[in-house]
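Undergrad: With my numbering applied, the sequence shown corresponds to residues 7 to 439, in that order.
Built from N, CA and C at the ideal position, the CB exists for glycine as well.
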Amino acid sequence: MSKEKELALDLIEFIDKSKSAFHAVKVTKKYLLSNGFTEINLKDNWNLERGKKYFTTKNNSALVAFNFGNKDVSDTGFKLVAAHTDSPCFRIKPNPEITMYNSYLKLNTEVYGGAILNTWFDRPLSIAGRVSVKSNNPLEPKEMLVDLEKPILIIPNLAIHMNREINSGFEYNAQVHTLPLLSMINDEFEKENYLIKLLADNLDIDYKDILDFEVYLYATENGSLVGLNEEFISSGKLDDLAMVHASMTALVNSHNSDSTNIAIAFDNEEVGSSTKQGAGSPFVKSVLNRIALAQDLNEEDFLIALEKSFLISADMAHAKHPNFGDKNDITNIPIINKGPAIKIASNQAYTTDSTSSAIYKGICESAKVPVQFFVNRSDLRGGSTIGPISSSQLPIRSVDIGGPMLAMHSICELCGVDDHYYTYKSFLEFYNL
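1. Sorted by chain position, which residues of the same chain lie with C-beta nearer than 8 Å to Pro376's C-beta, five sequence neighbours on each side aside?
2. Are the Cβ atoms of Asn65 and Gln399 separated by less than 7 Å?
3. How about Phe96 and Leu223: do their beta carbons lie closer than 7 Å?
4. What is the DSSP secondary structure of Met7, reduced to helix, strand or coil?
5. In its own chain, which residues sit with a C-beta less than 8 Å from the C-beta of Gly119, not counting the 5 before and 5 after it?
6. Please determine if the region 76-92 and the region 311-322 are in contact, where contact requires at least 3 C-beta pairs separated by less than 8 Å.
7. For Tyr107, does the count of other Cβ atoms within 10 angstroms reach 16, so buried, or fall short, so exposed?
8. Sort Asn382, Asp245 and Asp22 by Cα distance to Leu412 and report the nearest one.
9. Between Ser24 and Lys140, what straight-line distance do the alpha-carbon atoms span, to the nearest angstrom?
10. Any idea what DSSP makes of Gln176, helix, strand or coil?
11. Can you list, in chain order, the residues of its chain whose CB lies under 6 Å from that of Gly286, leaving out five sequence neighbours each side?
12. Excluding the five sequence neighbours on either side, which residues of its own chain have a C-beta within less than 6 Å of the C-beta of Asn163, listed in chain order?
13. Comparing C-alpha positions only, which one of Leu123, Pro102 and Ile122 sits nearest to Leu113?
14. Specify, as a first and last residue, the run of the alpha helix (DSSP H) that Val137 falls within.
15. Just checking, does the region 303-312 make contact with the region 384-395 on the three C-beta pairs under 8 Å criterion?
16. Name the residue from Ser8, Ile18 and Lys9 whose alpha carbon lies nearest to the alpha carbon of Cys418.
17. Pull up the distance between the alpha-carbon of Ala256 and that of Tyr437, whole angstroms please.
18. What residue ranges within the region 14-61 form continuous beta strand (DSSP E) runs of no fewer than 3 residues, ordered along the chain?
19. Residues in its own chain within less than 6 Å of Met79 by CB, not counting five upstream and five downstream?
20. Pull up the DSSP beta-bridge partners for Gln378, would you.
21. Can you give me the C-alpha to C-alpha distance between Lys36 and Asp385, rounded to a whole angstrom?
22. Using the three-state DSSP reduction, which class does Leu386 fall into: helix, strand or coil?
23. For Pro100, which of helix, strand or coil comes out of DSSP?
24. Output the boundary residues of the alpha helix (DSSP H) element that contains Leu412.
25. Please report how far the alpha carbon of Lys203 lies from the alpha carbon of Gly422, in whole angstroms.
26. Look up Asn267 in the DSSP assignment and give the residues it is bridged to.
27. Determine, using beta carbons only, whether Leu69 and Ala271 come nearer to each other than 7 Å.
28. Spatial neighbours of Val442 within its chain, please: C-beta separation below 6 Å, excluding the five flanking residues on both sides.
29. Could you pull the start and end residues of the beta strand (DSSP E) that Phe238 belongs to?
30. Please determine if the region 44-64 and the region 169-180 are in contact, where contact requires at least 3 C-beta pairs separated by less than 8 Å.
31. For Phe28, which of Leu201, Glu45, Thr63 and Lys349 has the nearest alpha-carbon?
32. Would you report the Cα separation of Tyr200 and Lys349, rounded to the nearest angstrom?
33. List the whole-angstrom C-beta distance separating Leu217 from Pro147, where the pair is believed to meet the contact cut-off of C-beta under 8 Å.
34. Classify Met249: buried if its beta carbon has 16 or more other beta carbons within 10 angstroms, exposed otherwise.
35. CA-CA distance, Asp207 and Ile342?
36. Leaving aside the five residues before and after Ser372 along the sequence, list all residues of the same chain whose C-beta is less than 7 Å from its C-beta, in chain order.
Okay, here's the thing in structure tokens:
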């Protein structure tokens, strides 16, 4: 099997286990621990040793991993790759049980991020996330991850006979049309606390000990390689777990022990990043500052280190669509499996400038990786990512890049096997410089 397919299958396995942002961090922690990294807590004093590897988490949904370089960061700067753990989906609301016609039990949900709603219909779904449980200290509730695993939910479509507009632009209402069906019920059915009891049974605890929960819907279908030559990766959450996987794998496999190399997995990018674990928070800045302090550097040394640093903001990019060719720019046309795309926007929705673009192009050239450009059509409003938001916290030179993909924000997305390997190689080259 080729190295490209091996890495793609490893990505699929990673995503299949990452049912929520919390689970993505859990899987990443296990991977890092098995490769010589040590977990450190933000609440503790850090006694870091040169040449050793560490990671820390925030909210158990964001993570920063790094090697503690042998040289001072005031000499080398920080080399960072940042991605995010969250993906568009449905979050279950408190008191979610809804009965209809004394026959159906549904759950009340709200949309998380910019999901393509119609892709969630008629698919087997399950529930995963975090549960907060009573402890001896009210300020420190116990956190438990839950994954019901089984396909227990579905959002059924309305038959075309009752909705003749379905193929000509029907608008779904997120409060009415997208509520998942859980079960059939009868007069004796006890719907009160039904979900909490379901979560408690899965965790083998008393449901009365559950104080609150953050749980989300996910598709139970696993990812796969598709295409005549298995050249595509079909999976949910490629945006942006593909970049988390590529950056963490590159960090583990890098061999540069002089500079301090860092892989970041933020949370909440899909809803604006303005959380304590998002790119708009001082989370990463405080980690970088503590690394500098552990090297006995002062504030001026830290500011010098920032000026010498470089950040690759890694979030997936839009490939040219074979069925919607008029939606892309007319001269910058990213194609799947032709290399990562540098993302550029004059409105600064992406942080790339000519200098940072040149730096990443040089990295790709050194790694023998092809590179492309993505720019939005001038008459279409595009998205943004963690790059500009990170720049508001850290005055670091940065570039926005991503693997070209189709169906971004669908429940099932599509990217290229070669592109994932190319992106990983570019990150590895960056860390080893």
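TA: Let me lay it out:
1. Lys344, Gly345, Cys370 and Tyr428
2. no
3. yes
4. coil
5. Asp92, Ser93, Pro94, Cys95, Glu276, Val277 and His415
6. yes
7. exposed
8. Asp245
9. 25 Å
10. Reading off the sequence, residue 176 comes out as Phe, not Gln. Here Phe176 sits in coil by DSSP.
11. Ser279, Ser280 and Ile395
12. Phe127 and Asp128
13. Pro102
14. It is not in any alpha helix (DSSP H) - Val137 instead sits in the beta strand (DSSP E) that spans Leu131 to Val139.
15. no
16. Ile18
17. 8 Å
18. 43-45
19. Residue 79 is actually Val in this sequence, not Met. Thr266, Ala298 and Ala311, listed in sequence order.
20. Ala347
21. 45 Å
22. coil
23. strand
24. First-last for Leu412: Pro410 to Leu412, but that is the beta strand (DSSP E), not the alpha helix (DSSP H).
25. 41 Å
26. Lys85
27. yes
28. For residue 442 there is no data in the structure shown, the boundaries of the chain being 7 and 439.
29. Phe238 to Ser241
30. no
31. Thr63
32. 46 Å
33. 6 Å
34. buried
35. 44 Å
36. Glu435
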